[in-house]
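Sequential numbering from 0 applies to the sequence shown in numbering that gives the first Met the number 0. Glycine included, C-beta positions come from ideal geometry on N, C-alpha and C.
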Amino acid sequence: MELRHLRYFVAEVNGHRLSIRLVAVWDSRHAAATTIGRFAARLGRFVRDRYHAPAA
């Protein structure tokens, strides 16, 4: 019970800084996931076009 109270107290004291940090972490992960997704899609298209193109 005291630990929970202490946790809430610390969250209130550091809430602003902590929320900014969490948003920054989420944004960086989201950006990384988006970049990886774009790269994977580009690589998939490249491989498909190169190795699965119909023989002309």
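Residue i versus residue j - alpha carbon distance
| i | j | result |
| --- | --- | --- |
| T59 | H51 | Only positions 0 to 55 of the chain appear in the structure, and residue 59 is not among them; the question remains open. |
| R37 | A23 | 21 angstroms |
| D48 | A30 | 27 angstroms |
| G43 | R20 | 34 angstroms |
| A40 | R28 | 18 angstroms |
Cβ neighbours of residue i in the same chain (closer than 8 angstroms, five flanking residues each side left out)
| i | result |
| --- | --- |
| V46 | none |
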